[in-house]
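Below is one structure, written out as structure tokens, with a few remarks after it.
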Amino acid sequence: MRSEKRFESKHVLITGGARGIGFEIARQFAMEAAVLSIIDFNAKTLSQSTKELGRIAPEVYPYLLDVSRRQQVNEAIAAAEKIHPIDVLINNAGIAFETPFLNIEEEEWRKILDINLSGMFYVAQAVCRFMARRKKGVVVNMGSKNGLDGEFGYAHYNTSKAGVIMLTKTMSLELAHLGIRVNAVCPGYIQTPMSMEIDPPEFTQDFVNRYIPMNRAGNVAEIAPLFLFLASDESSFITGQILIADGGQLAGQKPGEALLNKIKIG
Ligand SMILES: NC(=O)c1ccc[n+]([C@@H]2O[C@H](COP(=O)([O-])OP(=O)(O)OC[C@H]3O[C@@H](n4cnc5c(N)ncnc54)[C@H](O)[C@@H]3O)[C@@H](O)[C@H]2O)c1
2 MRSEKRFESK HVLITGGARG IGFEIARQFA MEAAVLSIID FNAKTLSQST KELGRIAPEV
62 YPYLLDVSRR QQVNEAIAAA EKIHPIDVLI NNAGIAFETP FLNIEEEEWR KILDINLSGM
122 FYVAQAVCRF MARRKKGVVV NMGSKNGLDG EFGYAHYNTS KAGVIMLTKT MSLELAHLGI
182 RVNAVCPGYI QTPMSMEIDP PEFTQDFVNR YIPMNRAGNV AEIAPLFLFL ASDESSFITG
242 QILIADGGQL AGQKPGEALL NKIKIG
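Numbering follows our numbering, in which position 73 of the sequence shown is assigned residue number 74; successive positions increment by one, without gaps.
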């Protein structure tokens with residue numbers, strides 16, 4: 002953990018910040034003295050995480066709402082802006098279900114697209130309208146390796162994350178001259194409450210063995226710093242980019258034992 006405080010007195014708004022990767026991002030911003038606004042639709046985890054973050058961050062403001070409800074989003078962003086102008090938006094909230102393409106019901110399709118893509122758009126537009134007036138701001142969107150490369154059983158999720166990547170690129174083009182940078186992080190397989198709810202441990206082990214060259218899933222502490230980097234002045238000339246952290250999964254086909262045994266070391 003860095004000892005410097007890159008975000009002292011900066012107001013950072015994080016969606017889906019009550020658990021998983023979003024909570025770890027919030028915790029790492031809190032360690033660097035950011036003022037936090039956390040949006041989440043789970044009342045219990047939002048209240049617990051607000052308490053926990055309150056022990057580290059100078060100020061924490063919870064907002065209980067669903068990012069796919071545009072009116073609720075607009076009201077929360079206006080309220081958060083009144084407290085402190087928002088410097089950084091971390092657009093992280095998302096859901097996933099595993100359902101084969103032929104079996105996806107319309108309701109499930111809509112729910113994933115409404116939250117992962119439309120919800121991201123609602124929050125980003127509401128925040129960027131304020132940032133544009135100040136000609137200053139940073140947005141980091143949560144993509145996924147699945148937005149770049151498909152995965153069985155996730156047609157709706159993969160599609161939503163592909164949309165996140167194009168939303169990120171287009172936002173960056175339209176907002177650069179207004180002093181707003183927009184980038185996305187695309188994690189591969191990360192151990193979080195979400196992935197553990199979907200996949201039993203034996204599935205995770207099999208998936209890792211088959212597909213991930215680093216032979217393991219990632220953890221939240223390895224993903225959060227990428228958001229802080231893209232939100233910081235260290236990335237001041239980076240916009241419209243996709244930062245992939247997937248243990249090598251997208252580098253190419255994972256070589257099997259027979260191929261790896263051909264490597265002669267020293
Ligand atoms: N876990 C992974 O392997 C992985 C990989 C790549 C990308 N991601 C993405 O990272 C993000 C976080 O995933 P996670 O694994 O930490 O999941 P998680 O379920 O552990 O945490 C997600 C948080 O977002 C909140 N949330 C979900 N929908 C919301 C809504 N409509 N409005 C407000 N809050 C909402 C949840 O209540 C929860 O607190 C998601 O966008 C996910 O798609 C996860």
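Glycine included, each C-beta is placed from N, C-alpha and C at the ideal position.
Nearest-angstrom Cβ-Cβ length linking residue i and residue j, presumed shorter than 8 Å
i      : j      : result
Ala185 : Val141 : 7 Å
Leu14  : Ile87  : 5 Å
Ala218 : Gln250 : Actually they are not in contact, since the Cβ atoms of Ala218 and Gln250 sit about 11 Å apart, beyond 8 Å.
Tyr64  : Ile84  : No, Tyr64 and Ile84 are not in contact; Cβ-Cβ is about 11 Å, not under 8 Å.
Leu174 : Val124 : That pair is no contact at about 19 Å.
Exposure label - residue i; buried when at least 16 CB within 10 Å
i      : result
His178 : exposed
Phe8   : buried
Ser4   : exposed
Arg182 : buried
Asp153 : Contrary to the premise, residue 153 reads as Phe rather than Asp in this sequence. Classification for Phe153: exposed.
Gly17  : buried
Ala77  : buried
Met215 : exposed
Glu235 : exposed
Ser237 : exposed
Ala127 : buried
Leu229 : buried
Gly148 : buried
Nearest-angstrom Cα separation, counted from residue j out to residue i
i      : j      : result
Ser119 : Phe24  : 22 Å
Ile239 : Val68  : 27 Å
Met121 : Asn92  : 6 Å
Gly1   : Met195 : Outside the modelled stretch of the chain, which goes from 2 to 267, sits residue 1, for which no answer is possible.
Gly209 : Ala97  : The amino acid occupying residue 209 in the given sequence is Val; Gly does not appear at that position. The straight-line gap from Cα to Cα measures roughly 19 Å.
Asp28  : Phe204 : Residue identity differs from the one stated: residue 28 is Arg in this sequence, not Asp. Roughly 29 Å separates the two Cα atoms.
Lys52  : Ile266 : 51 Å
Ile105 : Asn117 : 16 Å
Val165 : Ser38  : 22 Å
Lys263 : Gly257 : 11 Å
Glu99  : Val221 : 21 Å
Lys170 : Ser50  : 31 Å
Asn75  : Asp41  : 14 Å
Glu107 : Arg70  : 18 Å
Asp115 : Leu54  : 28 Å
Lys137 : Gln72  : 24 Å
Option in the options with minimal Cα separation from residue i
i      : options                           : result
Tyr212 : Lys146, Val139 and Phe102         : Lys146
Pro59  : Ala31, Gly138 and Tyr158          : Ala31
Tyr155 : Ile166, Thr169, Glu109 and Ala127 : Glu109
Ser48  : Leu174, Arg70, Ala19 and Ser38    : Ala19
Gly144 : Asp247, Ile39, Gln254 and Leu37   : Asp247
Ala163 : Leu54, Cys187 and Ser173          : Cys187
Ala225 : Gly17, Lys11 and Ile26            : Ile26
Gly189 : Pro201, Gly151 and Arg135         : Gly151
Gly95  : Ile113, Glu107, Ala34 and Pro101  : Ile113
Ala44  : Thr100, Val36 and Leu66           : Leu66
Leu244 : Leu227, Lys6, Ala232 and Ala259   : Leu227
Met132 : Pro101, Glu82 and Phe102          : Glu82
Lys11  : Val139, Arg130, Pro202 and Ser161 : Val139
Cys129 : Glu198, Gln242, Met172 and Gly148 : Met172
Glu33  : Asp200, His157, Lys6 and Arg56    : Lys6
Tyr158 : Pro101, Ala259, Pro201 and Glu223 : Pro101
Cutoff 8 Å: residue i Cβ touching any chain B Cβ
i      : result
Lys136 : Looking at the structure shown, chain B is missing, and only one protein chain is on hand.
Please list the segments of the alpha helix (DSSP H) lying wholly inside the region 105-167, counting only runs of 4 or more residues, in order along the chain. 107-114 and 121-135
What are the start and end residues of each continuous alpha helix (DSSP H) run of 4 or more residues lying completely inside the region 184-222, in chain order? 194-199 and 202-212
Write down every uninterrupted run of the alpha helix (DSSP H) in the region 2-73 whose length is 4 residues or greater and which is fully enclosed by it, in chain order. 21-32 and 44-55
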